[in-house]
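J.: Heads up, the working numbering is the position in the sequence shown plus 4, with the first residue counted as 1.
Even glycine gets a Cβ: it sits at the ideal position worked out from N, Cα and C.
Following this message is one structure expressed as structure tokens.
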Amino acid sequence: MRNTEPLTTFTATILSRNMLNITSDTNKVLSLLEKLIATESISRNENVAADIVYNWFSEEGYTPERINNNIICRSHHWDDNKPTILLNSHIDTVKPASAWTKNPYKPELVDGRLYGLGSNDAGASLTSLMFTFCKLDQTEQSYNIIFAATAEEEVSGANGMKSIAPLFGNSLPEINLAIVGEPTDLQPAFAEKGLMVVDATVKGESGHAAREEGINALYRALDIIQNIRQIPSELQVSPLLGAVKMTITMINSGTQHNVIPDICTFTIDIRSNELYSNQELFSLLQSRVPEWCQLNARSFVLNSSSFLSSNGNNSAIVNKIMNQVEKMELKPFGSPTLSDQAILSCPSFKIGPGCSARSHTADEYILTDEISNALNTYYNLLNGI
Numbered sequence: 005m006r007n008t009e010p011l012t013t014f015t016a017t018i019l020s021r022n023m024l025n026i027t028s029d030t031n032k033v034l035s036l037l038e039k040l041i042a043t044e045s046i047s048r049n050e051n052v053a054a055d056i057v058y059n060w061f062s063e064e065g066y067t068p069e070r071i072n073n074n075i076i077c078r079s080h081h082w083d084d085n086k087p088t089i090l091l092n093s094h095i096d097t098v099k100p101a102s103a104w105t106k107n108p109y110k111p112e113l114v115d116g117r118l119y120g121l122g123s124n125d126a127g128a129s130l131t132s133l134m135f136t137f138c139k140l141d142q143t144e145q146s147y148n149i150i151f152a153a154t155a156e157e158e159v160s161g162a163n164g165m166k167s168i169a170p171l172f173g174n175s176l177p178e179i180n181l182a183i184v185g186e187p188t189d190l191q192p193a194f195a196e197k198g199l200m201v202v203d204a205t206v207k208g209e210s211g212h213a214a215r216e217e218g219i220n221a222l223y224r225a226l227d228i229i230q231n232i233r234q235i236p237s238e239l240q241v242s243p244l245l246g247a248v249k250m251t252i253t254m255i256n257s258g259t260q261h262n263v264i265p266d267i268c269t270f271t272i273d274i275r276s277n278e279l280y281s282n283q284e285l286f287s288l289l290q291s292r293v294p295e296w297c298q299l300n301a302r303s304f305v306l307n308s309s310s311f312l313s314s315n316g317n318n319s320a321i322v323n324k325i326m327n328q329v330e331k332m333e334l335k336p337f338g339s340p341t342l343s344d345q346a347i348l349s350c351p352s353f354k355i356g357p358g359c360s361a362r363s364h365t366a367d368e369y370i371l372t373d374e375i376s377n378a379l380n381t382y383y384n385l386l387n388g389i
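In structure tokens form, the structure reads like this:
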């Protein structure tokens with residue numbers, strides 16, 4: 005099935021004078037993507053894939069930097085007085101699902117579909133952005149470009165974006181805006197829900213069930229859970245991301261049928277919108293539980309992210325991108341899924357070829373037309389702003 009949606013007048017005008025040769029460029033991207041598909045790069049095992057990315061940039065005339073299995077590359081026309089845009093996507097994949105009917109590591113092109121593990125999430129975004137980086141750098145832009153191909157995105161690992169994000173503004177340049185390549189049907193996800201997992205331990209007193217002795221920790225936990233379920237209705241709803249979600253996903257209590265349980269543990273899966281930080285939500289939770297309930301957040305790192313400032317005070321480069329989005333008639337939306345965007349502290353959004361619903365599925369694929377459209381979209385969004 006080919007994408008037959010007509011180009012906007014703006015896009016068609018730009019295409020008539022840009023530097024892309026879509027057929028040739030798409031084939032080059034496909035060649036690189038096929039090489040990556042054929043290379044196992046499950047999270048924490050990305051060494052060879054990182055080598056491929058590193059060598060590709062080297063062959064294009066750059067001097068990339070390697071931090072763990074993350075590859076960093078700066079544009080040739082670097083000027084410390086200019087703002088810097090980060091282009092990012094990840095090189096790792098999930099493990100192949102058991103329902104694959106094809107070899108997940110053998111790229112197979114059939115009727116305009118390229119099958120292979122990581123083709124949709126996020127190999128097509130990664131390779132299209134790598135190619136766009138080089139195309140944009142053929143002429144001097146009003147901004148610097150830095151590329152980061154990151155590892156361990158699928159597991160939010162310590163040696164992926166978490167290891168390099170603290171370096172921005174220190175040993176690496178400060179980032180003014182980031183574009184993260186993920187399958188979004190080539191529409192910009194201006195906001196992304198955050199994630200925080202909280203473990204709760206409720207204490208009671210044991211006793212004999214027949215004599216109704218003790219204090220039932222399970223009953224206490226049920227009362228607390230009911231209270232937690234009401235909290236999201238009291239919070240602000242985001243126009244892009246909707247309401248904050250707090251879902252009890254696991255509960256455990258008791259040792260045998262005739263003993264009143266003195267401990268009950270449960271887990272809360274919290275999906276934040278951009279109006280609240282994870283720390284704010286955790287503090288709110290703590291204020292709403294009694295002293296016999298202890299809460300522990302596994303991490304505060306994966307906050308919700310947003311491209312636009314809540315007070316409307318956006319930087320000049322953010323406003324330039326906004327103007328391009330409007331001219332190209334792209335449709336911003338809020339994404340429920342996580343990416344490395346959650347770790348970045350600068351204004352950021354994600355956009356890329358492919359469909360999020362195909363991610364992590366058997367017989368994953370990307371359309372060749374989607375890659376062609378991605379090359380157009382990325383280049384037109386960033387060139388000459």
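Would the C-beta of S93 count as close to the ligand PLP, meaning under 7 Å from any of its heavy atoms?
T.: No copy of the ligand PLP appears in this structure; indeed no ligand is present at all.
J.: Quick one: Cα of A153 to Cα of T143, how far?
T.: 22 Å
J.: Could you pull the DSSP bridge partners for Y369 from this structure?
T.: Y119
J.: Taking 8 Å as the cut-off, decide whether the C-beta atoms of W296 and V202 are in contact.
T.: no
J.: Put K86 into one of helix, strand or coil per three-state DSSP.
T.: coil
J.: Alpha carbon to alpha carbon, how far is I370 from A122? Give it in angstroms, no decimals.
T.: According to the sequence displayed, residue 122 carries Gly and not Ala. Computed Cα separation, rounded: 9 Å.
J.: Would you grab the beta carbon distance between V33 and L386 for me? Rounded to a whole angstrom, and I think it's under 8 Å.
T.: With 8 Å as the limit, V33 and L386 do not qualify as a contact, their Cβ atoms being about 16 Å apart.
J.: Using only the alpha-carbon positions, how far apart do S310 and I183 sit?
T.: 12 Å
J.: How big is the Cα-Cα spacing for A301 and I252?
T.: 14 Å
J.: Using only the alpha-carbon positions, how far apart do Y391 and E178 sit?
T.: Only positions 5 to 389 of the chain appear in the structure, and residue 391 is not among them; the question remains open.
J.: Are the beta-carbon atoms belonging to K166 and R275 less than 8 Å from one another?
T.: No, Cβ-Cβ distance for K166 and R275 is not below 8 Å.
J.: So is V322 buried or exposed if we call it buried at 16+ other beta carbons inside 10 Å?
T.: buried
J.: Does DSSP put A345 in a helix, a strand or coil?
T.: Contrary to the premise, residue 345 reads as Gln rather than Ala in this sequence. DSSP places Q345 in helix when its eight states are reduced to three.
J.: How would you write the range of the alpha helix (DSSP H) that R224 sits in, first residue to last?
T.: A221 to Q234
J.: Mind checking whether I149 and F135 have CB atoms under 8 Å apart?
T.: no
J.: Out of curiosity, what's the CA-to-CA distance linking N161 and E216?
T.: For clarity, residue 161 is Gly in the given sequence; the question names Asn instead. If you take the alpha carbons of G161 and E216, they lie about 47 Å apart.
J.: What's the gap between the Cα of R6 and the Cα of P357?
T.: Residue placement at R6 is poorly supported in this model, since its pLDDT is 36, which falls under 50; the coordinates still yield a value, given next. R6 and P357: Cα-Cα distance of roughly 13 Å.
J.: Apply the 10 Å Cβ neighbour rule to P10 and answer buried if 16 or more other Cβ atoms are within range, or exposed otherwise.
T.: Residue placement at P10 is poorly supported in this model, since its pLDDT is 39, which falls under 50; the coordinates are not used for a value here.
J.: Which ranges does the beta strand (DSSP E) cover as unbroken runs of at least 3 residues, wholly within the region 138-208, from first to last along the chain?
T.: 148-154, 181-184, 193-196 and 198-207
J.: Residues in its own chain within less than 7 Å of F172 by CB, not counting five upstream and five downstream?
T.: E178 and I179
J.: Determine the direct distance from the alpha carbon of T188 to that of S281, and round the result to whole angstroms.
T.: 24 Å
J.: At 3 residues or longer, and completely inside the region 254-286: list those beta strand (DSSP E) runs for me, N to C.
T.: 267-276
J.: Tell me the DSSP bridge mates of N300?
T.: Beta-bridge partners of N300 (DSSP): D203.
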